[in-house]
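Heads up: the structure comes next, in structure tokens.
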Amino acid sequence: MSDKSLTRVDIANVVKKEIGISRSESSYFVDTIINEIVKSLIEKKILKISSFGTLKLRYKKERIGRNPKTGVEHTISSRNTISFIASKILKKKINSR
9 MSDKSLTRVD IANVVKKEIG ISRSESSYFV DTIINEIVKS LIEKKILKIS
59 SFGTLKLRYK KERIGRNPKT GVEHTISSRN TISFIASKIL KKKINSR
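Numbering (the numbering used here) for the sequence shown: 9 to 105.
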């Protein structure tokens with residue numbers, strides 16, 4: 009596992025080790041969970057995972073932005089973005105390290 013990031017493969021390997029299933033089964037398991045998360049966000053559902061946090065889709069309106077180097081203004085188009093709000097339990101675990 010990399011020191012800087014956790015990949016889909018890393019998660020599948022942990023699932024394989026902890027549950028004792030094959031690599032292909034653990035990859036399928038992880039892919040299924042990720043696909044369900046993506047599907048729920050596309051359907052604009054709020055995803056709440058107990059003791060972890062909440063993911064939700066947010067709409068951002070079109071706005072004027074500025075290039076910090078040149079100061080030239082340009083329009084930033086409207087878009088959907090994902091918002092994550094960490095649970096109190098997750099925040100407590102992170103801050104107690």
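Every residue, glycine too, gets a C-beta built ideally from N, C-alpha and C.
Assigned exposure category for residue i - 16 Cβ within 10 Å defines buried
i: Ala20; result: buried
i: Ser30; result: exposed
i: Ser34; result: buried
i: Val46; result: exposed
i: Val38; result: buried
i: Val23; result: buried
Which listed residue (the options) has its alpha carbon closest to that of residue i
i: Ser59; options: Glu81, Lys96 and Thr15; result: Lys96
i: Ala94; options: Gly73, Thr83, Val46 and Leu55; result: Leu55
i: Asn88; options: Leu98, Asp39, Lys68 and Asn103; result: Lys68
i: Ile90; options: Lys12, Lys64, Ile27 and Thr15; result: Lys64
i: Thr15; options: Arg74, Ile42 and Phe92; result: Ile42
i: Tyr36; options: Val17, Gly73, Arg66 and Ile72; result: Val17
i: Ile102; options: Gly61, Ser32 and Ser48; result: Gly61
i: Ser86; options: Gly28, Ile50 and Ile72; result: Ile72
i: Phe92; options: Arg66, Glu51, Gly28 and Val80; result: Arg66
Strand pairing of residue i, partner residues [DSSP]
i: Ile84; result: Arg71
i: Ala94; result: Gly61
i: Thr89; result: Arg66
Assumed close pair residue i, residue j - CB separation to whole angstroms, cut-off 8 Å
i: Glu70; j: Ile84; result: 7 Å
Where in the region 25 to 77 do unbroken runs of the alpha helix (DSSP H), each at least 4 residues long, occur, reported from the N-terminal end onward? 31 to 50
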